[in-house]
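Protein sequences appear in the order of chains R and S. Going letter by letter, the first sequence gives residues 8 to 364 in this note's numbering. Going letter by letter, the second sequence gives residues 236 to 529 in this note's numbering. Virtual Cβ for every residue (Gly too), placed ideally from N, Cα, C.
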Amino acid sequence: MTPTIIVTGAGGVGKTTLSAALASALAQRGHKTLVLTIDPAKRLADALGIRDLGDEPQPVSDRTGLWAAMLDVSASWEAIIHRYAEPEVGDRLLVNPYFRAIADRFPAAQAYAAGERMAEYIESRSYDMIVVDTPPSGGGIDFFRAPATTGDLVSGKLLKWLTGSNMPGRNILYRFTARPVLRIADTVLGGPMLSDVADFLIDLRTMYDALSNRSRTIERYLRAAHTIVATTADPTPVHETRRFFRELGGIEIHPDGIIFNRTLPRAWVTDAERPIRGIDDPALRALAKANLRAWAGEARRQEDAADEISVRYGVEVHPVAWVTPPPTTLDDLEDLVSATKLIDELDALGSAEKPRS
Amino acid sequence: MASTELIFISGKGGTGKSAVAAALAISRARSGQRILAIDMGQSLGLGAHLRSPELPYRPVEVRPGLHAISMDRAHALDEYLKLQLRVPQGAPTRQLAGALAVLADTAPGVREIISIGKPVYEQWRGEWDAVVVDAPSLGQFQSYLRAPTTISTIVPSGNVKAQSERLEATLLDPGITSVVIVANPAELPVRETAESLDVFSDETLCPPPTVVMNRMLDESGLSASDLAQLPAGSVSDAATMQVALEGEQRTWSDAIEWSVRLPYLRGVLTPGEVAEQLADALGDRMDERAGGAA
């Protein structure tokens, strides 16, 4: 399988930027690399040249070997329907107002679409390496749960209850006992809402076998991928990262490493305690010293947080430096990660599987 | 008696909105108000900042005068059916609830209306001086605010429509509802906040939001011209970073209008300490509206 790197973690820690940085650095090292981004900010999209592209991968013009794609959830679900539904059912689903709403809004829908895209890119065998940025819903955990959740949706309790255990024909839609409840529900809600949704779910149900097979395949790829958790050392992301490790552990996924983004140099902690030499102006010396002390407190906190997470979850911590202003070009992005041990590790991962010519 | 204030705190992911929501709730409770804090998101951030990580659905008093709950859709749905929809006598409530639970996961707007409904019901009950809501990040929060209108257009008549219209009226009443957006003085949060402010006003989703600028560094007194006089090493590196951040902060905090400034807390360890210190900084700065909804 194409070596695949999943970058996950809480919102606002720089996941999308780090995904692009890793992909770009891997391309620089000679691997043909695709980065699948979810919702890149304008600055990053500009750097990758993907402002108005759909989810078809495109080569990034000024980087040999770097390809980028942006997830389009609606388009991905249309593709899924075309691929796995009977044509007649597919046509009906695509014009169903609930389908559009679900494709755009159901939280697992975005996550599932990302997983499906990842699987397609892996199966295309067109790339040496794939880097996947993950959707933020559920703090990133939805991406790993989506295959199972989608299976639950199409085999859900409501459907079992509506239709019994057998697959329904559309004419005998609802079981005898279900019908009166549906009528009451519609009266309470004030419209034929629930029956419409039931019709929709029953259509979706016809895709059950295909979708659940596919879900199992996606899940296999997820488990075989290299998972990197991104965080910063701020208290909230650290708190969410702990929860994330617990929940991933609950579904037997064990991350291969953790990136601490926006890390300050550890030397600041010790240097802040040393006398400062070489500044003649006493006022400036005092200001510079107070400033280093203030940042040393932050560096110390970062160090403690990183050490604690590393020990508690037995993963290697990869610090990525805090740079100001934030990176805007591919060169800046590569500089962020090119000095990390992580990139050497991933480079080796790519080289191990690459057929040598 | 003054009516209950309903305050939603939203913002781009990572700007510290849960911390600010907790700080606001703490600061109001300190001044003697009876506060309900609601975690509407899935991040559990509010509970951590209130030193009570596992918040239940029934209000629990986390400190004097401050109760907190975490949204749980199954409970919210149950409450919605029982209290808001007045299900007819003799209806099979349990099965109906089961069916509606699936509906809530799939039909457009239902999930959102049940979530946004909870804080509004708490406002209607009038038991609190203020309901402080740790709302989801900007895009999702906006889709919640749109839900009453979405539902009104899908459902032709009946209880759901009537409830949705009442929800909408409360959410749009500037004497009741206020929205606070948390931003940081950097490019992405400021851009995203500015874009969201346009959406809030173009679609009239709520009264005009106020912006809190969180993580504002105190000026160090160092300037770019000082940097050349510093010997290479940590002192110079930290000064260079500080000067760059102050520049970035000036540029981006000037790019948008905001009303409250909160400090960047360096070296603070736990979410609980962060919320306490922000509450100190907040003092009475956000209490201008206290009792203003009389």
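Q. At a Cβ cut of 8 Å, what residues of the region 493-505 of chain S count as close to chain R, listed as they run along the chain?
A. Arg501, Gly502, Val503, Leu504 and Thr505
(Q) So within the region 322-361 of chain R, which uninterrupted beta strand (DSSP E) runs reach at least 3 residues, ignoring any that extend past its ends? (A) 324-328
**Q.** Contact check, S:Glu483 vs R:Pro332, beta carbons under 8 Å
**A.** yes
Q: Examine the Cβ distances between the region 258-275 of chain R and the region 42-50 of chain R and report whether three or more of them are shorter than 8 Å.
A: no
Q. The alpha helix (DSSP H) with R:Ile225 in it runs from where to where?
A. Tyr215 to Ala231
Q) What is the C-beta distance between R:Ala28 and R:Val344, in whole angstroms, given that I count them as a contact (C-beta under 8 Å)? A) 5 Å
**Q.** Cβ separation of R:Ile88 and R:Leu101, assumed to be a contact under 8 Å, to the nearest whole Å
**A.** 6 Å
Q) For the candidate residues R:Ala359, R:Glu130 and R:Asp288, whose alpha-carbon lies nearest to that of S:Ala463? A) R:Asp288
Q) R:Ile258 CB to nearest chain S CB: under 8 Å? A) no
Q) Is S:Pro420 closer than 8 Å to S:Ala494 when the C-beta atoms are compared? A) Reading off the sequence shown, one finds Ser at residue 494 of chain S, where the question assumed Ala. No, the pair does not count as a contact, with Cβ atoms beyond the cut-off.
Q. Bridge partners of R:Ile136, per DSSP?
A. It should be pointed out that residue 136 of chain R corresponds to Met in this sequence rather than to Ile. R:Met136 pairs with R:Thr40.
Q) In terms of residues, what are the limits of the beta strand (DSSP E) holding S:Val366? A) Ala365 to Asp369
Q: Determine the contact status of R:Ile225 and R:Ala120, defining contact as a CB-CB distance below 8 Å.
A: no
Q) Who are R:Trp74's beta bridge partners in DSSP? A) R:Leu41 and R:Pro66
Q) In its own chain, which residues sit with a C-beta less than 6 Å from the C-beta of R:Tyr228, not counting the 5 before and 5 after it? A) Ala126 and Ile129
Q: Anything in the region 239-263 of chain S with a Cβ closer than 9 Å to a Cβ of chain A? List those residues in chain order, please.
A: The structure shown has no chain A; the protein chains it does contain are R and S.
Q: Report yes if the C-beta distance between R:Ile258 and R:Val14 is below 8 Å; otherwise report no.
A: no
(Q) Judging by CA-CA distance, which residue of R:Ile45, R:His233, R:Phe150 and R:Leu299 is the nearest neighbour of R:Ala118? (A) R:Phe150
Q: Inspect the beta-carbon positions of R:Ala279 and R:Ala303 and report whether they are closer than 8 Å.
A: yes
Q | DSSP beta-bridge partners of S:His302 | A | S:Leu271 and S:Glu296
Q) Nearest chain S C-beta to R:Ala274 closer than 8 Å, yes or no? A) yes
Q) Using a C-beta cutoff of 8 Å, does R:Asn268 count as contacting chain S? A) no
Q) Mind listing which residues of the region 9-26 of chain R have their C-beta closer than 7 Å to chain S's C-betas, in chain order? A) Gly18, Gly19 and Val20
Q: Confirm, please, whether the CB-CB distance from S:Arg501 to S:Met451 is below 8 Å.
A: no
Q: Leaving out five residues on either side along the sequence, give the residues of the same chain with a beta carbon under 6 Å from the beta carbon of S:Gly280.
A: Ser253
Q) Going straight from the alpha carbon of R:Pro142 to that of S:Leu407, what length do you get? A) 31 Å
Q. Under 8 Å between the Cβ atoms of R:Thr335 and R:Ala54?
A. yes
(Q) Please state the DSSP three-state secondary structure of R:Pro142. (A) coil
(Q) Let me see if you follow: with CB-CB separation under 8 Å, is S:Ala514 close to chain R or not? (A) no
(Q) Taking DSSP's pairing of strands, which residues face R:Ile235 in a bridge? (A) R:Val14 and R:Gly264
Q | Cα-Cα separation between S:His284 and S:Trp359, rounded to whole angstroms | A | 26 Å
Q) Comparing the C-beta of R:Gly304 with each C-beta of chain S, is any distance below 8 Å? A) yes
Q) On the three-state DSSP scale, how would you describe S:Glu240? A) strand
**Q.** N-terminal and C-terminal residue of the beta strand (DSSP E) that S:Pro498 is part of
**A.** Val495 to Pro498
**Q.** Inter-residue Cα distance where the pair is R:Ala274 and S:Ala258
**A.** 33 Å
Q. Considering only C-alpha positions, which residue in the set R:Gly264, R:Asp62, R:Pro10 and R:Asp135 is nearest to R:Lys348?
A. R:Gly264
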